[in-house]
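With mature numbering (1 follows the signal peptide of the UniProt record, and there is no 0) applied, the sequence shown covers -20 to -1, 1 to 444. We put the beta carbon where it would ideally sit given N, CA and C, even for glycine. Notes follow the structure.
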Amino acid sequence: MTTSPTVVAVMVVALGCAAAFEYGPDLAGQYCSTRPRGCCKGRQDDCTVPILDTLCYCDDFCNHTRSEDCCPDFLSFCKHIVVPKPAPTVNKQCYSNGQTYKYGETVNLNCNECRCQESNGKMQLMCSSNECLIDTYILDTLRHQAHRFGWSASNYSEFWGRRYDEGLQLRLGTLHSKKKILQMKPLKAVFQRGNLRRSYDAREVWGRYISQPIDQGWCGASWAISTVQVTTDRFGIMSKRTIGDVLSPQHLLSCNNLNQQGCQGGHLTRAWNWIRKFGLITEECYPWEGQMSTCAVSKKKKESMAQCPRRVRSNNDRLTKTRLHRVGPVYRVATEEGIMHEILTSGPVQAVMKVSRDFFMYKSGVYRCSNLASGSRTGYHSVRIVGWGEEYHNGRIVKYWIVSNSWGRWWGENGYFRILKGVDECEIEDFVIAAWADVDDFDVTGNPLGYDVFLLNGPKSNSV
């Protein structure tokens, strides 16, 4: 069977009209089919049906002018053409935690970037799979079971939205070698165990001579801050409150750059040896910047004074030169009681601890690893132990160290945390070191308290 060109043309025109004929689905219904005379051939201006507040047409001519003049059922009733129904409107939205997101919209959920898109016929938020510094599962578990763990957790805005690898790299910063630790023999101290107290807090004894916790920021410099703050504390203690200078971690960070990695981490023994050789200037002279910068102080082994950086001098005319503060050889302290004796007699010590993800969420209490983040990577962090104590928890005595962190006063217990003592929790008792402050070059003869002053050449007694 063949189809004549005329018939083909009519079919094409009819289909073209079907494609061009558009009306809202809310106006679909019977119009031409309700006329007593039905449809009309040619042009008949009275071949109409009321629709809304106007008229629609059922004559052939309505298709030659504007397709919207035809009644909604003109093609289906008058021309017997099946008009395809418009595709249903799909509401392409994604839902997550009570929030609605439009198709194609991107949003950051904690540390992951998510995009609303269609997957397997469903609308879903497709997110990256980063491990976040604040894990909501761990946080909720710690909050609801604080009584079991012995410490409480918090969601810190400074950490929210950050990846866990950022925390390990930029909030810690200690390059740790267990092999080198084992090679460093601990100092053997002779003391009476009975003289050790059940609790001691250097902050209460020495007051302002104990450094306040500072915030290292997103710079892996715990190695520099803890080293310098222990040095600061020991100058105040070993001079018996004669030397109250707050020393500069930025000086150590920027200038101790040989075989160190700045904000990417550093070795503690190299930091102590550098201070022994070159000395430290004050924080006022070389303020903390929280980033690696070019060393602004000359390095000379035999100098006792150093120029303040030019940028500081320009803002403060009186700051020109400052005294350099050096230490003696670094030494390791071993055993729980040895650490207690060292803090009691010489001042705070530096310790290295292994950090898991839950530690970033610590708020208060005596910290111990929860094991909720088992399987995640860990890192090493340098901290400052300033004392110890004990408390009752669930009817048992819990012993703890009092430790200064370097994440600011907004974190933990006003910048400090407590951690289980005597069980090497998080390896905090594995590598504890310190050095004596070299007060030989300072005038300590005016010591108002009449205490013994620690000197590297031997203790000297000062009397009023």
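By the three-class DSSP mapping on this structure, what secondary structure does P30 have?
strand
Only counting the same chain, and skipping five residues up and downstream in sequence, which positions put a Cβ closer than 8 Å to that of I323?
Y180, A182, V329, I365, V366, G367 and W368
For the stretch 115 to 128 against the stretch 91 to 103, do three or more pairs of beta-carbon atoms, one drawn from each stretch, fall closer than 8 Å, so that the two count as touching?
Result no; under three Cβ-Cβ pairs closer than 8 Å.
Closest by CA to N253, which one among E264, N237, P267 and Y266?
N237
State the Cα-Cα distance for the pair Q79 and A8, rounded to the nearest angstrom.
36 Å
Check whether the Cβ atoms of T302 and I261 sit closer than 8 Å, and answer yes or no.
yes
Restricting to runs no shorter than 4 residues, where is the alpha helix (DSSP H) found entirely within the stretch 226 to 256?
229 to 235
Taking R188 as the reference, which of I217, Q196, V313 and E111 has the closest Cα?
I217
Distance check for N394 and R250, CA to CA, integer angstroms please.
Whole-angstrom Cα-Cα distance: 30 Å.
Expressed to the nearest angstrom, what Euclidean distance is found between the alpha-carbon atoms of Q192 and Q230?
Going by the C-alpha atoms only, they are around 16 Å apart.
DSSP state of K82, grouped into three classes?
strand
Status (buried if at least 16 other CB within 10 Å, exposed otherwise) for W390:
Result: exposed.
Leaving out five residues on either side along the sequence, give the residues of the same chain with a beta carbon under 7 Å from the beta carbon of C27.
C20, Y37, C38 and D39
Any non-hydrogen atom of the ligand FMN closer than 7 Å to E409 Cβ
This structure lacks the ligand FMN, and indeed carries no ligand of any kind.
Across the stretch 256 to 276 and the stretch 300 to 314, are there enough close Cβ pairs to call them in contact, namely three or more that are closer than 8 Å?
yes
Residue environment, L148, which counts as buried when at least 16 other CB atoms sit within 10 Å:
buried
CB G110 to CB C91, shorter than 8 Å?
Looking at the sequence itself, residue 110 is Asn, so the reference to Gly does not match. Closer than 8 Å, so yes.
Count the other CB atoms, across all protein chains shown, that sit within 10 Å of the CB of Y372; report buried if there are 16 or more and exposed otherwise.
exposed
Considering only the beta carbon of each residue, do D213 and I194 sit closer than 8 Å?
no
Just the C-alpha distance for S326 and A276, rounded to the nearest angstrom, thanks.
31 Å
CB V363 to CB M320, shorter than 8 Å?
No, the Cβ-Cβ distance between V363 and M320 is not below 8 Å.
In angstroms with no decimal places, state the Cα-to-Cα distance between residue 456 and Q163.
This structure leaves residue 456 out entirely; the chain is present only between -20 and 444.
G308 beta carbon less than 8 Å from that of W416
yes
Out of curiosity, what's the CA-to-CA distance linking V170 and L176?
12 Å
Taking the runs of the beta strand (DSSP E) that are 3 residues or longer, which of them lie wholly in the stretch 295 to 326?
301 to 303 and 311 to 313
Could you give the DSSP three-state label for E146: helix, strand or coil?
Of the three classes helix, strand and coil, the one that applies to E146 here is helix, per DSSP.
What would DSSP say about C349, mapped onto helix, strand or coil?
coil
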